[in-house]
Amino acid sequence: MNNAEIADLLHEFADLMDLKGDVFKRNAYRRAAQNVLELDGDITSYYREGRLESIPGVGESIAKKIAEVLETGRSPELEDLQAQYPPGLIELTQVPDLGPKKALRLYRELGIQDLAGLKQAALEHRIRRLEGFGERSEKKILQGIELVERNSGRMLLGDALPIGLAVESYLRQNGIEHVSVAGSLRRRKETIGDIDIVVGSDLPLEAMRLFASYPRRDAVILQGPTRSSIRLEDGTQVDLRVVPISDYGATLLYFTGSKEHTVELRRMAIQMGYKLNEYGLFRKDDGSVVAREEKDIYRALGLDLVPPELREMRGEIEAAKDGRLPDLLRSEDVRGDLHVHTVMSDGHATMRQLAQEAKRLGYEYLGLTDHSSSLRIAHGLSAEDLLDSVEEARQVSEEEGIVVLRGSEVDILEDGSLDYPREVLSQLDFVIASVHSLFHMPEEEMTERVLRAISDPEVNILGHPTGRLLGRREAYKIDLERVMEHAHHQGVALELNGYPYRLDLNDLNSRKAKERGVKLSIGTDAHALEDLNHMSLAVGTARRGWLEKQDVINTLSLAQIRRFFERGSS
DNA sequence: GCCGTTTTCGGCCCGACTGTTTTCAGTCG
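Be aware that the first sequence starts at 5, since it is given in the working numbering, and climbs by one per residue.
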């Protein structure tokens, strides 16, 4: 069993504790699950070495449960608990305003066991007859079920970010000074639940009116004194909260989260004799104000300002305490995009158009990486066409005043060999090697396949190293630990691919790579001119992975990056 | 169930909102 499976098991314990009504045990299991999921290394080695209890949140009892599951593949205690409740009960709590308490009552008093049963009971007006429920609750439940069925998935960062930033800049351009996206969007999480915007204004009605007249809004769903929601033309909902300017900093901190991070800040506040809420940091005894701005609140708690992307309870509090927060990568550090497709394979823009756009974006160089010949579906280039385009790249470079690097995204074939012969690859500026086929290999085979590929001295970057597609395809099974070790040894960079469905490596694996001394290459995998803008998604993910400028090869100057690409010829 | 600049027991974040209630439990963020 791997870390994720153990984490799932602990989450199941947590869900069941929720039903039992023990929120403290629920929280304990959740914390343990989170830490197991983000564990540096394999949980089985912790078990073998008797170090399970060194994992934060894992004590004697949870360690025993983990050990038992690793040994026997089963957890009798979990099975006993599961037997006490129908398996569909947890899904009931996905319906808004239905928590464990109500779900349990619906089960006990009406025999409702799952979403389907809930829907039927609501339609038959059986719910409104329960004490504490009424007609309105019943209607809300029906609406809630519809929401769960229709919208169980979250939005991609790539969809939410441009929308959120556009609304933000609209408000700013119309005179609102204190405005920011909040929530998981501000933290640049790979998927987003809601687009939340926080405004600080002493003229709240004005701000609300401005928001309600956003040009691309389709309808105003809700408009109150402090909260408004609009629906945009494409169906996306955007929520706005307006607070007095004096509360803006604390409110933004609060709505940015993560929940776990802000809970920790509040705990620290209490220990110091303070109280932290969405209005500010106050002295517990006399209620006087200690701090109101984000950075002042952090400082008063003895912390450096934690960038939003790091607020995930992954060690940022300790780092902020010790002045060890990373100096995170910035968009302006990136000197070129290293993963771009042209019309020669499956892209929509020509080399020249891409060069012009890259120059407009302020890049010094642009790496073109069309697909190789075996990838028929993407019109992979023949070796001849590829080599012919090397000369074209030189010409475009001269004429457009930006360096166009001719590379390739070469397929890693079944046996780990590459899709072009070495004498072809050696004439290119750089090479990305990627897996595009046979995703279901056993882990050992896939790992060997990739290791062999990056052993080739012509390869400079391993493209989208896990192959996952958000909401569409799981990562393929591969021992990233070994891949990172080998990449480090070989002087090969791992890619952080900024394509909205990929973001691969993800935040956690990017951080692992960095910690192992592996360099990252961030690229957009652009197939059209506007896709070059996906660099912001890659940078956001890189920041969540604690990456700094020196961890990323395409922050290097042209001369330096050429040297990096020369690894094989030395 | 975990954990210790108050600690091996007694806490474990805080406030708003909603719908159902005449004083509040449950849920959410």
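Cβ atoms here follow ideal geometry from the backbone N, Cα and C, with glycine treated the same way.
Pairing Asn39 with Pro248, the inter-Cα distance amounts to about 37 Å.
Between the region 437-457 and the region 402-418 there are three or more C-beta pairs closer than 8 Å, enough to call the two in contact. Under a 10 Å Cβ-count criterion, Ser58 is classified as exposed, with fewer than 16 other Cβ atoms of the shown protein chains found around its own Cβ.
Taking Val487 as the centre and dropping the five residues before and after it, the same chain places the C-beta of Thr451, Val454, Leu455, Ile458, Leu466, Pro469 and Leu498 closer than 8 Å to its C-beta, in chain order. Per DSSP, the continuous beta strand (DSSP E) segment holding Leu372 begins and ends at Tyr369 to His375. Around the beta carbon of Thr545, 16 or more other beta carbons sit within 10 angstroms, so the residue counts as buried. For Val408, the enclosing beta strand (DSSP E) starts and ends at Val407 to Asp415. With fewer than 16 other CB atoms across the displayed protein chains lying within 10 angstroms of its CB, Lys143 is exposed. Residue nearest to Val394 within the set Leu409, Thr266, Ile381 and Leu385 is Leu409 (criterion: CA-CA distance). Leu333 sits in coil when the DSSP states are folded into three classes, being neither helix nor strand. Counting the other Cβ atoms within 10 Å of the Cβ of His129 gives fewer than 16, which makes it exposed. Taken through DSSP and simplified to helix, strand or coil, Tyr51 comes out as helix. Here Ala542 is actually not in contact with His345; their C-beta atoms are around 16 Å apart, not less than 8 Å. In terms of Cβ geometry, Thr260 and Arg334 do not form a close pair [threshold 9 Å]. Following the DSSP letters along the chain, one finds Gly197 in no beta strand (DSSP E), marked with neither H nor E. Rounded to the nearest angstrom, the Cβ distance from Met317 to Glu282 is 19 Å, too far for a contact under 8 Å. Under DSSP, Asp341 shares a beta bridge with Leu370.
In this structure, Asn7 places its C-beta atom within 9 Å of the C-beta atom of Ile47. Taking every protein chain shown into account, the CB of Ile381 has fewer than 16 other CB atoms within 10 angstroms, so this residue is exposed. A distance below 7 Å between beta-carbons, with the five flanking residues on each side excluded, links Ala126 to the following residues of its chain, in chain order: Glu142, Ile145 and Leu146. For Ala479, the secondary structure class from DSSP, reduced to helix, strand or coil, is coil.
If you look at Leu285, you'll find it isn't in any alpha helix (DSSP H); it sits in the beta strand (DSSP E) that goes Gly284 to Arg287. Shown here, Asn7 sits in a helix according to DSSP, grouped into three states.
Between Val246 and Met212, the beta carbon gap of about 6 Å places them in contact (Cβ cut-off 8 Å).
Gly549 places its beta carbon less than 9 Å from that of Asp511. In summary, Ala120 is exposed, with fewer than 16 beta-carbon neighbours lying within 10 Å of its beta-carbon over all protein chains present. In the structure shown, Ala295 falls within a strand segment according to DSSP collapsed to helix, strand and coil. Per DSSP, the unbroken beta strand (DSSP E) holding Ile225 starts and ends at Arg221 to Gln227. In the DSSP secondary-structure assignment, Glu499 is bridged to Ser525.
With a 10 Å radius around the Cβ and a threshold of 16 neighbouring Cβ atoms, Ser561 comes out exposed.
Looking at Glu448, Glu297, Ser438 and Thr76, the one whose alpha-carbon comes closest to that of Gly471 is Ser438. With 16 or more other Cβ atoms from the protein chains shown falling within 10 Å of its own Cβ, Arg296 counts as buried. In this structure, Met159 sits away from Ile131, with a CB-CB distance that is not shorter than 9 Å. Between Leu122 and Ile94, the gap from beta carbon to beta carbon reaches 9 Å or more. Between the C-alpha atoms of Asp350 and His383 there is a straight-line separation of about 6 Å. From the listed residues Phe28, Val338, Glu237 and Arg270, the smallest Cα separation to Ser540 is found for Val338.
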